[in-house]
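Before any comments, here is the structure.
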Amino acid sequence: MVGLSGDVRLQSVLGRRLGVLPLVGVLVLAMVRPAVAGSVSLVDASTGTSPFASCRDIGPLNGSNDFNTVNTEIEPRMAIDPTNAGTMIAVYQQDRWRNGGARGLVASITRNGGSAWSITSPSFSQCSGNPEWNRASDPWVTFDPAGNAYFIALTSNADETHSGILVSKLDHNQLASKNKKLEWSAPVTLIDTFGGTLGLGFNDKESITADPTRPGTVYAVWDQSSVPGEDRIPGVLHAFSYRQETLFSRTTDFGATWSTPKALFFSNQVTIGNQIVVEPNGNLADFFWASKGSGIQPNENSDHQAAMYSSDGGLHWSPPSIVSDSFPLRVVDPNSGFPIRAGTNIPDVGVDPNSGALYVVWADGRWSGFTHDDIALTKSTDGGKTWSPAQKVNQTPNGAAAFTASAHVLADGTVGVTYYDFRNNNGNGLNTDYFLVTSTDGGVSWSETRLTPSSFNMEWAPISRGYFTGDYEGLTSAGSQWRAVFIQTVALRDTDAFVAATP
Numbered sequence: 004m005v006g007l008s009g010d011v012r013l014q015s016v017l018g019r020r021l022g023v024l025p026l027v028g029v030l031v032l033a034m035v036r037p038a039v040a041g042s043v044s045l046v047d048a049s050t051g052t053s054p055f056a057s058c059r060d061i062g063p064l065n066g067s068n069d070f071n072t073v074n075t076e077i078e079p080r081m082a083i084d085p086t087n088a089g090t091m092i093a094v095y096q097q098d099r100w101r102n103g104g105a106r107g108l109v110a111s112i113t114r115n116g117g118s119a120w121s122i123t124s125p126s127f128s129q130c131s132g133n134p135e136w137n138r139a140s141d142p143w144v145t146f147d148p149a150g151n152a153y154f155i156a157l158t159s160n161a162d163e164t165h166s167g168i169l170v171s172k173l174d175h176n177q178l179a180s181k182n183k184k185l186e187w188s189a190p191v192t193l194i195d196t197f198g199g200t201l202g203l204g205f206n207d208k209e210s211i212t213a214d215p216t217r218p219g220t221v222y223a224v225w226d227q228s229s230v231p232g233e234d235r236i237p238g239v240l241h242a243f244s245y246r247q248e249t250l251f252s253r254t255t256d257f258g259a260t261w262s263t264p265k266a267l268f269f270s271n272q273v274t275i276g277n278q279i280v281v282e283p284n285g286n287l288a289d290f291f292w293a294s295k296g297s298g299i300q301p302n303e304n305s306d307h308q309a310a311m312y313s314s315d316g317g318l319h320w321s322p323p324s325i326v327s328d329s330f331p332l333r334v335v336d337p338n339s340g341f342p343i344r345a346g347t348n349i350p351d352v353g354v355d356p357n358s359g360a361l362y363v364v365w366a367d368g369r370w371s372g373f374t375h376d377d378i379a380l381t382k383s384t385d386g387g388k389t390w391s392p393a394q395k396v397n398q399t400p401n402g403a404a405a406f407t408a409s410a411h412v413l414a415d416g417t418v419g420v421t422y423y424d425f426r427n428n429n430g431n432g433l434n435t436d437y438f439l440v441t442s443t444d445g446g447v448s449w450s451e452t453r454l455t456p457s458s459f460n461m462e463w464a465p466i467s468r469g470y471f472t473g474d475y476e477g478l479t480s481a482g483s484q485w486r487a488v489f490i491q492t493v494a495l496r497d498t499d500a501f502v503a504a505t506p
């Protein structure tokens, strides 16, 4: 496959030869040449041919409109080793199913700053050696201060009546040695839920965060809903009892054991997109989108970005509090009106590692008169006690939509936000680009950098309730240099995960 500047994409040669052998411990090295757009270096960090292409997994359900799109990588996240900035891990879904989940989750790993990448996969799903689970989704990754990596996954069967949250660890000693294979540990199951034909108790949208202030401590958080998150029994969504609770688990021994999952609060709310960040003083903040459940239910925290706080490592939490009102819209193809699936309601969070200032971003329609989404940002400088009024931060001209925001803060306090937008759409396909805006004055003013040297066609993306590159992407940093991971199409129904680096 040809990348943005004619680069040959990564090819999983061993994966093609070995078919569906589990990729745990399989090392596939590929050299890449960066594509440069001004001060931006861009590399394709994903596989050329799917490592799961020959997997004989359970196919679509009888009578359903489900199908699998081979050679698609979507919904990436990235983390950088705090002990060695040249070591980065980008995780993503591999081979998306239309009705939910993927054949497996993949981790692309570089130990030389992005010049070469290794393709690995923990045993999260049938195609990567775990027969209990047909599908996997919602990848997230984090590093602890010692340089150990933790990869979390949502797993499910094909009809989503059975779901789990699993964590696999990659030891720092493997990453630090060029002579050792990269072998993820056998996954630890945090929760395993049988929801029955109604899909009650479906686990969803997990994230994982290592605590830089407490050695060996890592936090996992997710929601558990009364129905699955995709296409099962839409009528149940209108039941009086419909809700999603936030569940939490932690390890204090480097992932050897995890606490029994507990609900952080009980209410009739719907919560999704939970993400924990750790402030410099060790306090925790869990951010999420909150909405009321179905039926006539009083709920003051309806349709808001919200947060809960803990000062004792997650043992106790404050009640939910409102961060900002939230008005996300559905993204559509301006050429055809076809839906584009994007996690417009899901927040992303950045924390200043020195001052502790918190920044939350999401997609919001208020500045366009509710004709399209822009990127909203709010800031707190007092640990979440008060928040600034939401402001528009994307620099998109001509009334085009912007969506799928990620946030991060450098050590010097510079704030960064990434997003897609349609400013270059000319009606010949859906030209889409990815941008980074940065602020050196705490969000007062912003400058913009284009991360895609040329536009890509969003209409080539896999279809899962719309054209789909992911409910989230990822933004982090290596020292003072930004690192963004995002998905773009390279051919019809063929996407890759790209990593951009820029000063």
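Take 4 as the starting number for the sequence shown in my numbering and just add one per residue. Cβ atoms here follow ideal geometry from the backbone N, Cα and C, with glycine treated the same way.
Hey, residue 436 and residue 458: beta-carbon distance below 8 Å or not?
-> yes
With a 10 Å radius around its C-beta and 16 neighbouring C-beta atoms as the bar for buried, classify residue 269 as buried or exposed.
-> exposed
Where residue 458 falls: helix, strand or coil (DSSP) | coil
Could you check how far apart the C-beta atoms of residue 418 and residue 441 are, in whole angstroms? I think they sit under 8 Å.
-> 7 Å
Best match in 317, 321, 477 and 185 for proximity to residue 407 [C-alpha to C-alpha] = 477
Using a Cβ-Cβ cut-off of 6 Å (strictly less than) and excluding sequence neighbours within five positions of residue 255, which residues of its own chain qualify?
-> 219 and 220
Alpha carbon of residue 135 to alpha carbon of residue 156, nearest angstrom = 14 Å
For residue 504 and residue 508, the rounded distance between their alpha carbons = Nothing in the structure corresponds to residue 508, since the chain is present only between 4 and 506.
Contact under 8 Å by Cβ, residue 281 with residue 196 = no
Note down, one range per segment and in chain order, each beta strand (DSSP E) of at least 3 residues found wholly within the segment 387-450.
-> 405-412, 418-424 and 434-442
Cβ-Cβ distance between residue 401 and residue 378 below 8 Å | no
Exposed unless 16 or more other CB atoms sit within 10 angstroms - verdict on residue 488 | buried
Close Cβ partners of residue 348 (< 6 Å) along its chain, the five nearest in sequence each way excluded | 292 and 331
Can the beta-carbon of residue 125 be found closer than 8 Å to that of residue 187?
-> yes
Contact between the segment 459-472 and the segment 98-116 (3+ Cβ pairs under 8 Å) = yes
Presumed contact (8 Å Cβ cut-off) between residue 367 and residue 393, rounded CB distance = 7 Å
Along the chain, where does the alpha helix (DSSP H) that runs through residue 175 open and close?
-> 175-179
Just mark residue 1 as buried or exposed, buried being the case when its beta carbon has 16 or more other beta carbons within 10 Å.
-> The chain is shown from 4 up to 506; residue 1 falls before or after that span and cannot be answered.
In terms of alpha-carbon separation, which member of 149, 217, 259 and 95 lies closest to residue 171?
-> 259
Hey, how far is the Cα of residue 53 from the Cα of residue 97?
-> 7 Å
Provide the residue span of the beta strand (DSSP E) that contains residue 271, from first to last.
-> Per DSSP, residue 271 belongs to no beta strand (DSSP E) and is neither H nor E.
Given residue 249, which residues of its chain have a CB within under 6 Å of its CB, disregarding the five upstream and five downstream residues?
-> 226, 267, 274 and 277
For residue 320, which three-state DSSP category applies?
-> coil
Presumed contact (8 Å Cβ cut-off) between residue 490 and residue 61, rounded CB distance | Not quite, the Cβ-Cβ distance comes to about 25 Å (not below 8 Å), so this is no contact.
Starting from residue 99 and walking both ways along the beta strand (DSSP E), at which residues does that stretch end?
-> 91-100
For residue 580, does the count of other Cβ atoms within 10 angstroms reach 16, so buried, or fall short, so exposed?
-> Missing from the structure shown is residue 580; the chain here goes from 4 to 506 and no further.
Span separating the alpha-carbon of residue 313 from that of residue 386 = 11 Å
Residue 175 to residue 353, Cα distance in whole Å?
-> 25 Å
Top-ranked residue by Cα proximity to residue 169, from 217, 264, 198 and 118 = 264
Thinking C-alpha only, which one of 480, 431 and 388 is nearest residue 421?
-> 480
Rounded C-alpha distance that separates residue 382 from residue 70 = 42 Å
Give the straight-line distance between the Cα atoms of residue 162 and residue 499, rounded to the nearest whole angstrom.
-> 27 Å
Buried/exposed call for residue 284, threshold 16 Cβ in 10 Å = exposed
Identify the residues that DSSP records as bridge partners of residue 198: which are they?
-> None; residue 198 has no bridge partner.
Quick one: grab the DSSP three-state call for residue 463.
-> helix
Evaluate residue 350 with the Cβ neighbour count: other Cβ atoms within 10 Å of its Cβ, from every protein chain shown; 16 or more gives buried, anything less gives exposed.
-> buried
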